[in-house]
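Asker:
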């Protein structure tokens, strides 16, 4: 049934509440993201950050490729066998890098990461995955600037700053009471 539904229609029918795991899986399936490709949705916030200033820059792609390699290696290690090939992961990323995706699509996929990949509260892997995603987003945002010279607070563009805050908000419920978010909260409260 989901394959016959347009992906954005499927999403909009559920716009007033958070997606549950099955709804997220159905949405991803409507985009052709199924089976082992599910593990690759973790790349989406990084790809969003690459597009945040409207331009893909070489340094950003280097960081994405390094992160992708480590991520595939880690997923295969956890599975105990080669569930994902690096070439398949690169092809998945390329799908969203060849041309800028429709507005909102990457954000909708990002909102599926929590229910699909971080659905077990308190799992150490979930916290590690989240920390790796957030740090990679920061690395990408700081790797390149659009123009020199930039102001003292201009290393990150305003669109990158806004996106990073949006990414943090997306994962808040999956990171509540984790060391990472406690540290962030403590720093914001002072």
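Numbering (the working numbering), first residue to last: 78 to 267.
Yeah, the Cβ is synthetic: ideal placement off N, Cα and C, and Gly gets one too.
Determine the burial state of residue 191: buried for a count of at least 16 other Cβ atoms within 10 Å of its Cβ, exposed for fewer.
Answerer: Counting from one through the chain shown, the residue named residue 191 turns up at place 114. Label assigned to residue 191: buried.
Asker: According to DSSP, is residue 218 helix, strand or coil?
Answerer: By 1-based counting over the chain shown, the position of residue 218 is 141. Looking at residue 218 - three-state DSSP - the assignment turns out to be helix.
Asker: How many angstroms separate the CA atom of residue 204 from the CA atom of residue 119?
Answerer: As a first step, residue 204 must be located in the chain shown, where it is residue number 127. As a first step, residue 119 must be located in the chain shown, where it is residue number 42. Distance between the alpha carbons of residue 204 and residue 119: 13 Å.
Asker: Distance check for residue 99 and residue 111, CA to CA, integer angstroms please.
Answerer: Here residue 111 refers to the residue found at position 34 of the chain shown. Here residue 99 refers to the residue found at position 22 of the chain shown. Going by the C-alpha atoms only, they are around 12 Å apart.
Asker: Considering only residues of the region 135 to 171, which uninterrupted alpha helix (DSSP H) runs meet the minimum length of 4 residues and lie entirely inside it, listed in chain order?
Answerer: Qualifying alpha helix (DSSP H) stretches, in chain order: 135 to 156.
Asker: Within 10 angstroms of the Cβ of residue 122, are there 16 or more other Cβ atoms? Answer buried if so, exposed if not.
Answerer: In the chain shown, residue 122 corresponds to position 45, counting from 1. Buried: at least 16 other Cβ atoms inside 10 Å.
Asker: Look at the Cβ atom of residue 161, then the Cβ atom of residue 155, and state whether they are nearer than 7 Å.
Answerer: By one-based count along the chain shown, residue 161 stands at place 84. By one-based count along the chain shown, residue 155 stands at place 78. Not a contact, by the Cβ cut-off of 7 Å.
Asker: Expressed to the nearest angstrom, what Euclidean distance is found between the alpha-carbon atoms of residue 187 and residue 131?
Answerer: Position 110 of the chain shown, counting from 1, holds the residue named residue 187. Position 54 of the chain shown, counting from 1, holds the residue named residue 131. Taking the straight line from one Cα to the other gives about 18 Å.
Asker: Excluding the 5 residues flanking residue 113 on each side, which residues of the same chain have their C-beta closer than 6 Å to its C-beta?
Answerer: On the chain shown, position 36 is the one that residue 113 refers to. Contacts found: 160, 161.
Asker: Within the continuous alpha helix (DSSP H) that includes residue 234, where are the two ends?
Answerer: In the chain shown, the residue the question calls residue 234 occupies position 157. Here residue 234 belongs to no alpha helix (DSSP H), and DSSP marks it neither H nor E.
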